Amino acid sequence: MRRWLALALAALLAGAVAAPAAAVAQPRTPDPARAVQKQLRHGHGVRISELSVLIFGKDYVPSDRMRSQVQLSPTGPVAYDASLYFMPLPDMDQRAIDARDSIAMVDWDDITHVNGVTYLHAEPGSLPAGKSWIRAKPHASYARYFSHQAIDVFDARVLRILLRGATGKAVPGGYAYRGVVTREQLGVAATRHAKDKINWWLWTDAKGLPTRLRTTDFLGGGDLRIGVSFDTRYRDWGFPLVVTAPPADQVIDADDL
Numbered sequence: 001m002r003r004w005l006a007l008a009l010a011a012l013l014a015g016a017v018a019a020p021a022a023a024v025a026q027p028r029t030p031d032p033a034r035a036v037q038k039q040l041r042h043g044h045g046v047r048i049s050e051l052s053v054l055i056f057g058k059d060y061v062p063s064d065r066m067r068s069q070v071q072l073s074p075t076g077p078v079a080y081d082a083s084l085y086f087m088p089l090p091d092m093d094q095r096a097i098d099a100r101d102s103i104a105m106v107d108w109d110d111i112t113h114v115n116g117v118t119y120l121h122a123e124p125g126s127l128p129a130g131k132s133w134i135r136a137k138p139h140a141s142y143a144r145y146f147s148h149q150a151i152d153v154f155d156a157r158v159l160r161i162l163l164r165g166a167t168g169k170a171v172p173g174g175y176a177y178r179g180v181v182t183r184e185q186l187g188v189a190a191t192r193h194a195k196d197k198i199n200w201w202l203w204t205d206a207k208g209l210p211t212r213l214r215t216t217d218f219l220g221g222g223d224l225r226i227g228v229s230f231d232t233r234y235r236d237w238g239f240p241l242v243v244t245a246p247p248a249d250q251v252i253d254a255d256d257l
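With the first letter of the sequence shown counted as 1, position 247 gets the number 247 in the numbering used here; the numbers rise by one all the way through.
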C-alpha cells in the first residue's frame, strides 16, 4: 500500500514540475534594442515616413509630411536623403504660405546630409545658373532632420529607458508597447519643457524591429491643450544604401547667396 501511495505521489510531483517547464519553453518577446543594434551596419538603410500634427485644444491640424531614407552605421544614422512637404494651415492664405517658405530664401523641400554636410535643394530659377543645391551653414539639428521625434529608436539606451517595465502585447505581425516618458529621462536637450510628459506608442515586427512610433507631447501641461503629435513609420530595415552628395558643380555655399 505504501508503495502505491509513493508512486502516486511521484506522478503528481512529476506533473507539477512539468507544467512550469512547458511555460518556460514558450518564446520570449524579442528585444527591440537588440533587434535595432543588429541593423546598425555600414551600408544598411531604413526608409521612414512621418506625419506631424499640431494640437490646439480639440483641433488636430496636419503640419508637414516627411519621407526619408537613412544610411546607418555601427554608431547610428550617418547620412540621409529627405523630402519635406509643408501642409498649409487652414487660416493661411497664399501670401502667408509664400512668406513661410521664403524664411530660408528658398523652398527647401529636398535635403541631403552626408559626411557631416547638409545640402538644401532649391526651386528652379532661385539660384545662379547651373546651381540647384545650397550647402547649408552647419547646424546640429541637421544631423537628425530626417525625423522630428524626440525618441531616438536608433539609440539602444533610449529604447531600454522607454521599454523599462513595459510589456509587449502581441498584435498581428508583431508586438505593441505604450507608455509615458519625459525629455529629461531621454536625455534630450530641453529647457522649461524637460519635465513635460511624452505619451508614446511603439509597434514592432515579429523580430522586434520598430515599424511605427507615435508620440503626443502637450507642451506645458495644464488645461490648455497645445502640443504636437508625430506618427512615424519604419520599413525596409537593412536595405543597401549609400547616400551621396550632389554634384559639386551644382552646389553653391550659403554664404555666397
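No residue lacks a Cβ here, since even glycine has one placed at the ideal position from N, Cα and C. Just so you know, these numbers come straight off a predicted model, no measurement behind them.
Provide the residue span of the beta strand (DSSP E) that contains residue i, from first to last.
i	result
lysine 38	Run containing lysine 38: none in the beta strand (DSSP E); it sits in the alpha helix (DSSP H), 32–39.
threonine 244	Counting along the chain, threonine 244 falls outside any beta strand (DSSP E), and DSSP gives it neither H nor E.
glutamate 50	44–56
valine 114	110–114
valine 300	Residue 300 is absent from the model: the chain starts at 1 and stops at 257.
Cβ of residue i within 8 Å of Cβ of residue j?
i	j	result
glutamine 69	glycine 43	no
threonine 215	tryptophan 203	no
arginine 212	isoleucine 198	no
aspartate 31	glycine 208	yes
aspartate 64	phenylalanine 86	yes
isoleucine 151	leucine 162	yes
glycine 227	aspartate 217	yes
glycine 76	phenylalanine 146	no
arginine 67	serine 49	yes
serine 83	aspartate 109	yes
Only counting the same chain, and skipping five residues up and downstream in sequence, which positions put a Cβ closer than 7 Å to that of residue i?
i	result
valine 242	Gly43, Gln71
glycine 173	Asp205, Ala206
Ignore the nearest five residues each way along the sequence and tell me which others in residue i's own chain have a CB closer than 8 Å to its CB.
i	result
aspartate 253	Ile134, Arg135
tyrosine 119	Ile111, Thr112, His113, Trp133, Ile134, Arg135, Ala136, Ala245, Pro246, Val251
leucine 219	His193, Asp196, Ile226, Gly227, Val228
arginine 41	Leu72, Ser73, Pro74, Gly238
Let me check one thing: in DSSP terms, what residues is residue i bridge-paired to?
i	result
methionine 66	Glu50, Leu84
alanine 79	Gln71
tryptophan 133	His121, Val251
threonine 29	Partner(s): none; threonine 29 has no beta bridge.
aspartate 59	Phe56
tyrosine 145	According to DSSP, which records beta bridges pairwise, tyrosine 145 is partnered with nothing at all.
aspartate 231	Leu51, Arg214
Please list, in chain order, all residues of the same chain as residue i whose beta carbon is under 6 Å from its beta carbon, the five residues on each side excluded.
i	result
alanine 156	Ala33, Gln37
proline 128	none
Item checked: Inside the segment 163–229 only - beta strand (DSSP E) runs reaching at least 3 residues -> 169–171, 174–182, 197–205, 210–218
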